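Per the UniProt record's numbering: the sequence shown = residues 1 to 169. C-beta: ideal position from N, C-alpha, C; glycine also. Bear in mind that the values here come from a model prediction, so they are computed numbers and not experimental data.
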Amino acid sequence: MKVWGKVELTIDSISEWLGRIGWILILYALFFGLYDVIMRYFFDEPSLWISTTIQYAMVLLACVSGAYSLNEGSFVKLDLFYEKMSPKTKAICDIITFVFAFLYLYVLITKGIEAALASIARQETTPTSIPIPLYHLKAVIPIGAFCVLLVAIKKLVQDIQTLLGYGKG
Numbered sequence: 001m002k003v004w005g006k007v008e009l010t011i012d013s014i015s016e017w018l019g020r021i022g023w024i025l026i027l028y029a030l031f032f033g034l035y036d037v038i039m040r041y042f043f044d045e046p047s048l049w050i051s052t053t054i055q056y057a058m059v060l061l062a063c064v065s066g067a068y069s070l071n072e073g074s075f076v077k078l079d080l081f082y083e084k085m086s087p088k089t090k091a092i093c094d095i096i097t098f099v100f101a102f103l104y105l106y107v108l109i110t111k112g113i114e115a116a117l118a119s120i121a122r123q124e125t126t127p128t129s130i131p132i133p134l135y136h137l138k139a140v141i142p143i144g145a146f147c148v149l150l151v152a153i154k155k156l157v158q159d160i161q162t163l164l165g166y167g168k169g
């Protein structure tokens, strides 16, 4: 289990870094959004690029924050029932949930790769006055989904360990 412990630490580290990137994206959106509002309404000087880049940042945030949120247990659960369950029953529910999550992530990764490759081939940009490349953003979507899959697999192994009596539960 030493190897698996190192794998878990690596996944935790990746997740933590993705969370930090998410915080930077939130701060970017906050500060530049505020700047844009001030410039637009107080100085009548709207920005040509800020709203587009904030949208870009929010999509990136969705891509990088999934793994962090799952790893930290921040995803929404029906706590009304879940919290009253025993650790083994929770593990069973989580394993069943993993099946659906895996199917979703598989489609997101495979279709995301297809969309990213098509976007890269077309050198796709935003249809705005300042064209911003979109292919970078589309390439991050399957990468973010893969990171969520890594965390989901880590959680699956922990749930199996709990069922077998080796886990923390």
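Requested in this report: Give the range of the alpha helix (DSSP H) segment to which Phe75 is assigned.
Outcome: Phe75 -> no alpha helix (DSSP H), and no H or E assigned at all.
Taking Thr52 as the reference, give the member of Arg122, Tyr28 and Ile153 with the closest Cα.
Tyr28
**OP:** Measure the C-alpha to C-alpha separation of Phe102 and Ile95 and round it to an integer number of angstroms.
**Re:** 10 Å
**Message:** Give me the DSSP bridge partner(s) of Pro87.
**Reply:** BP columns for Pro87 are empty, so no partner.
Worksheet item: Helix, strand or coil: how does DSSP classify Asp44 here?
Response: coil
Query raised in the report: Which ranges would you report for the alpha helix (DSSP H) in the segment 79-143 if only whole runs of at least 4 residues count?
Result: 79-82 and 87-122
Quick check on Ala162: buried or exposed, where buried means 16 or more other Cβ atoms within 10 Å of its Cβ? Looking at the sequence itself, residue 162 is Thr, so the reference to Ala does not match. Label assigned to Thr162: buried.
Item to complete: Reducing DSSP to helix, strand and coil, say where Gly165 ends up.
Response: coil
Discussion item. If the criterion is Cβ atoms closer than 8 Å, does the pair Gly112 and Ala62 meet it?
Written reply: no
### Task
Keeping to the same chain, check which residues put their C-beta closer than 6 Å to that of Val64; ignore five residues upstream and five downstream.
Leu18, Ile21, Gly22 and Gly144
Within 8 Å, do at least three Cβ pairs link the segment 151-158 to the segment 7-18? yes
Whether Leu60 touches Leu25 by CB criterion (8 Å): yes
Checklist entry - To the nearest angstrom, how far is it from the Cα of Trp4 to the Cα of Ile160? => result 13 Å
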